[in-house]
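Residue numbers for the sequence shown, in the numbering used here: 1 to 91.
Note that the Cβ used here is the ideal one computed from N, Cα and C, for glycine as well.
The structure appears right after this line, and notes come after that.
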Amino acid sequence: MKKNLPTSFTLSAVAMICAGLTLSSAANANTLTGQVSSASQKSHFQGAKVVIKELDRTLISERDGRFTATNLPAGNYTLEISYLGAETVTK
């Protein structure tokens, strides 16, 4: 059975521009969490590549589209999300 892949996707509300950056008292104890999903949020993208551009750090989303980066220095980050067969999104 052939499954059609969407031609584009967006970050869900969880992972939008200021995605869950939580602060802690330790120097590099910040965490960024998010979820890669379709624009309608009905489909989640397992295996999406999430790059934190400023740190050149790459993450791969889990089965439910979620990703987590730990031990981040405080700051603002640009995420580049790509998935095979879909348009790359940078936020």
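Closest by CA to residue i, which one among the options?
| i | options | result |
| --- | --- | --- |
| Thr31 | Glu80, Gly85, Ala69 and Thr90 | Ala69 |
| Ala39 | Gly65, Leu72 and Glu54 | Gly65 |
| Asp56 | Gln41, Gly85, Tyr83 and Tyr77 | Tyr77 |
| Gly85 | Lys49, Lys42, Glu54 and Glu62 | Lys49 |
| Pro73 | Glu54, Val36, Gln41 and Thr88 | Glu54 |
Who are the near neighbours of residue i in its chain, counting only those whose CB is closer than 6 Å to its CB and skipping five residues on each side?
| i | result |
| --- | --- |
| Thr90 | Glu80 |
| Arg63 | Gln46 |
| Ser82 | Lys49 and Thr88 |
Within 10 angstroms of the Cβ of residue i, are there 16 or more other Cβ atoms? Answer buried if so, exposed if not.
| i | result |
| --- | --- |
| Ser43 | exposed |
| Gly34 | buried |
Residues in its own chain within less than 7 Å of residue i by CB, not counting five upstream and five downstream?
| i | result |
| --- | --- |
| Ser61 | Val36, Phe45, Gln46, Gly47, Ala48, Val50 and Phe67 |
| Leu59 | Val50, Phe67 and Ala69 |
Sorted by chain position, which residues of the same chain lie with C-beta nearer than 8 Å to residue i's C-beta, five sequence neighbours on each side aside?
| i | result |
| --- | --- |
| Gly75 | Glu54 |
Quiz prompt | beta strand (DSSP E) runs wholly inside the region 41 to 90, at least 3 long, in chain order | solution = 49 to 52, 57 to 60, 66 to 72 and 79 to 82
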